[in-house]
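One structure below.
Residue numbers (the working numbering): 1 to 292.
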């Protein structure tokens, strides 16, 4: 690891992000906790230091649903980065909601905000850095890329979430192709947690209450899903594990739980024409082009 290099983990204050941060600092890696609420981030950092007193942690504010916030975070990030872990996300927002820039919430937070973050931070990545994107087994149900990105009249939370995670996986695969094409040693890798009882929740600012179906789904996940620490194993492996190559997709060996294992990528996620469209659109919307 390059001297002075840090890992950046988005959504590091809870769920999979917190579990990942704990694992990275336990491995001796300094971590910047990129969080929407610095108060919650500071509380999470204090909890980690209670068991890891030597943990090198910084808490910095970023809202992945606000491209201006992403730009400000990137401008203030000057240290070399050895791991960029794009973990933050929203899941099953019950009613169609928009980001600060008026993009569908799942797509804007889970994909577009991380696209811009990765694009802006590329110059600060070390020669052997890894960019890890968190996808989901739900990407399979999305089928092929929907170019309405959840803004159609027939909004459905599960469909919007699945599409965002399809985009996240496509982003990782295409980013790796572009990095390799440029001769870079940086690896783009994707991971999924299986069925994990995470803290991935829709924003509450609007006071939206989920329907009974979503409440039931979350309760079942809490009862039957793996712990965040177990769910984070695959993304931790993708970030610092041995034998990891760019363009891979890691997940639990038994699909929903188990040790990290190469995961299956859907045919829709492998479509390079859709990936090129996605990158061109993201470049237009964010003003940040990732060469390829």
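Here a beta-carbon is modelled for each residue, glycine too, at the ideal position from N, C-alpha and C.
Going by CA-CA distance only, name the one from the options that's closest to residue i.
i	options	result
residue 9	35, 136, 188	35
residue 64	116, 15, 77	116
residue 109	268, 194, 135	135
residue 192	166, 184, 181, 176	166
residue 76	39, 52, 120	120
residue 12	124, 140, 41, 286	41
residue 6	46, 80, 251, 74	80
residue 25	179, 38, 37, 44	44
residue 282	269, 268, 112	112
residue 231	244, 179, 266, 254	254
residue 141	38, 266, 271, 179	266
residue 48	61, 188, 18, 124	18
Distance, Cα to Cα, residue i vs residue j?
i	j	result
residue 155	residue 101	19 Å
residue 118	residue 227	28 Å
residue 145	residue 259	29 Å
residue 137	residue 194	7 Å
residue 143	residue 170	12 Å
residue 4	residue 126	10 Å
residue 248	residue 234	11 Å
residue 160	residue 168	12 Å
residue 15	residue 277	32 Å
residue 285	residue 103	10 Å
residue 73	residue 66	11 Å
residue 83	residue 172	14 Å
residue 290	residue 178	8 Å
residue 264	residue 280	26 Å
residue 275	residue 37	32 Å
Between which two residues does the alpha helix (DSSP H) holding residue i run?
i	result
residue 249	Careful: residue 249 lies outside any alpha helix (DSSP H), inside the beta strand (DSSP E) at 249-252.
residue 261	It is not in any alpha helix (DSSP H) - residue 261 instead sits in the beta strand (DSSP E) that spans 260-262.
residue 72	67-75
residue 240	233-240
Provide the residue(s) that pair with residue i in DSSP beta bridges, ordered along the chain.
i	result
residue 61	35
residue 98	104
How far does the beta strand (DSSP E) with residue i in it extend, from its first residue to its last?
i	result
residue 128	125-134
Assess contact between the stretch 231-245 and the stretch 118-137, defined as three or more Cβ pairs (one per stretch) separated by less than 8 Å. Is contact present? yes
Contact between the stretch 81-97 and the stretch 50-57 is defined here as three or more beta-carbon pairs at a separation below 8 Å; is this criterion met? no
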